[in-house]
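In full-length UniProt numbering, the protein residues as written are 1 to 259. Only one structure is covered here, and it is reproduced in the block below.
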C-alpha cells in the first residue's frame, strides 16, 4: 500500500502512483489517462519533480532512484538553464592563471563552457567532455586523468584515475554531485565517482560544489562527504533555513545563480 503524499493534489498523487507502478510514464499517456491537456501534465510533472516525488525526463517521468543515476543524455537537458547559470556564476569565481580540478557531471560541463573568456588556466579533469570543451584553447594546459573511460558519459574512473588526480595539487576543485541531504551529507551513486571526487577534495585548496535545486530532492546511497569538505556552494534557488544553518556552521559560502 502506498502512503498518501502530502501537499499535492489528488491528480498529482495519482501521477506519482502510476509512475512508481509502471517505472516510466510519458506525458502523452498521462494526459490521456486523466483526459487533460499535455501542458497540464507537464506542469504537474515539473512541480512533482521540484518537490522530489519523481524524476522529470524529456517527454515523461520516472520514479526517484537511490541506486541508479539518470541516463547521461537525460541529465544533459534536465534543468539545463539552471545548470548553465550555475556554470557561469562559478566560472566568475575563478581568476585567470589559476589551477583547477573539474570532475564528472553535466553541471561541471556547463562550468567548462563558461570558461571561454578566461586565460592561462591549468585544468586537471577526469571528464572527457570537459577536456573536449576546453582542449582548443592554446593558452590552457589540460591534463586528463588516466583510467577507464565510461562510454555512456565520458567519465574516467578507476584506480588509475584516482592516482592521477592525487598526483596534483590545485587552487580550486570544481565538483558536481548527485544528491544532498538536508543535514548536509553529500551523496552520489557510483563508488568510482565518489573516490575521484574525494581525491579532488583532498587535493584542492578551495572546493566549489555546483548543484542545482533538484539535487536536494535526490538521495543516492553513496556518501562523498559533508559540507565541511567544501568552501562554496553554487545553486539556483534559496535553501531552507535549516540548511542555511548547516552551511553557516560549516563555514560554507552560499551563492545563488539566477538567469
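The beta-carbon is built from N, C-alpha and C at its ideal position, and this holds for glycine as well. From a predicted model like this one, the values you see are computed outputs, not experimental measurements.
Relative to the C-alpha of residue i, which residue among the options is closest?
{"i": "residue 259", "options": "243, 250 and 236", "result": "236"}
{"i": "residue 233", "options": "15, 146 and 244", "result": "244"}
{"i": "residue 199", "options": "151, 125 and 255", "result": "125"}
{"i": "residue 100", "options": "201, 151, 248 and 44", "result": "201"}
{"i": "residue 213", "options": "229, 175, 239 and 145", "result": "239"}
{"i": "residue 104", "options": "95, 86 and 155", "result": "155"}
{"i": "residue 150", "options": "94, 217, 129 and 22", "result": "129"}
{"i": "residue 19", "options": "8, 61 and 29", "result": "61"}
{"i": "residue 22", "options": "43, 54, 9 and 230", "result": "54"}
{"i": "residue 197", "options": "123, 229 and 249", "result": "229"}
{"i": "residue 169", "options": "135, 95, 204 and 92", "result": "204"}
{"i": "residue 148", "options": "192, 102 and 114", "result": "192"}
{"i": "residue 216", "options": "13, 16 and 178", "result": "178"}
{"i": "residue 58", "options": "166, 17, 248 and 24", "result": "24"}
{"i": "residue 50", "options": "152, 17 and 8", "result": "8"}
{"i": "residue 139", "options": "247, 152 and 120", "result": "120"}
Is there a Cβ of chain E sitting closer than 8 Å to that of residue i, yes or no?
{"i": "residue 207", "result": "Given the protein chain composition of this structure (a single chain), no chain E is represented."}
Quick check: residue i and residue j, are their CB atoms within less than 8 Å of each other?
{"i": "residue 220", "j": "residue 172", "result": "no"}
{"i": "residue 222", "j": "residue 194", "result": "yes"}
{"i": "residue 64", "j": "residue 46", "result": "no"}
{"i": "residue 36", "j": "residue 27", "result": "no"}
{"i": "residue 108", "j": "residue 127", "result": "yes"}
{"i": "residue 86", "j": "residue 110", "result": "yes"}
{"i": "residue 257", "j": "residue 88", "result": "yes"}
{"i": "residue 227", "j": "residue 176", "result": "no"}
{"i": "residue 254", "j": "residue 224", "result": "no"}
{"i": "residue 123", "j": "residue 143", "result": "yes"}
{"i": "residue 134", "j": "residue 112", "result": "yes"}
{"i": "residue 102", "j": "residue 118", "result": "no"}
{"i": "residue 182", "j": "residue 242", "result": "yes"}
Kindly identify the DSSP beta-bridge partner or partners of residue i.
{"i": "residue 188", "result": "222"}
{"i": "residue 200", "result": "DSSP, once it has assigned bridges, lists no residue as partnering residue 200."}
{"i": "residue 174", "result": "102 and 208"}
{"i": "residue 232", "result": "208 and 253"}
{"i": "residue 60", "result": "26 and 57"}
{"i": "residue 15", "result": "In DSSP, residue 15 forms no bridge with anything."}
{"i": "residue 179", "result": "187"}
How many whole angstroms separate the CB atoms of residue i and residue j, which I take to be in contact at a CB cut-off of 8 Å?
{"i": "residue 164", "j": "residue 145", "result": "4 Å"}
{"i": "residue 97", "j": "residue 44", "result": "In fact, because the Cβ distance is near 49 Å, the residues do not count as touching under 8 Å."}
{"i": "residue 48", "j": "residue 41", "result": "That pair is no contact at about 10 Å."}
Is residue i close to the ligand COA? I mean its beta-carbon at under 7 Å from any heavy atom of the ligand.
{"i": "residue 206", "result": "Summarising the ligand content, the structure contains no ligands, and the ligand COA is consequently not present."}
Is the segment 201-209 close to the segment 144-160, with three or more CB pairs under 8 Å? Contact check between the segment 201-209 and the segment 144-160: fewer than three CB pairs, one atom from each, fall below 8 Å, which does not count as touching.
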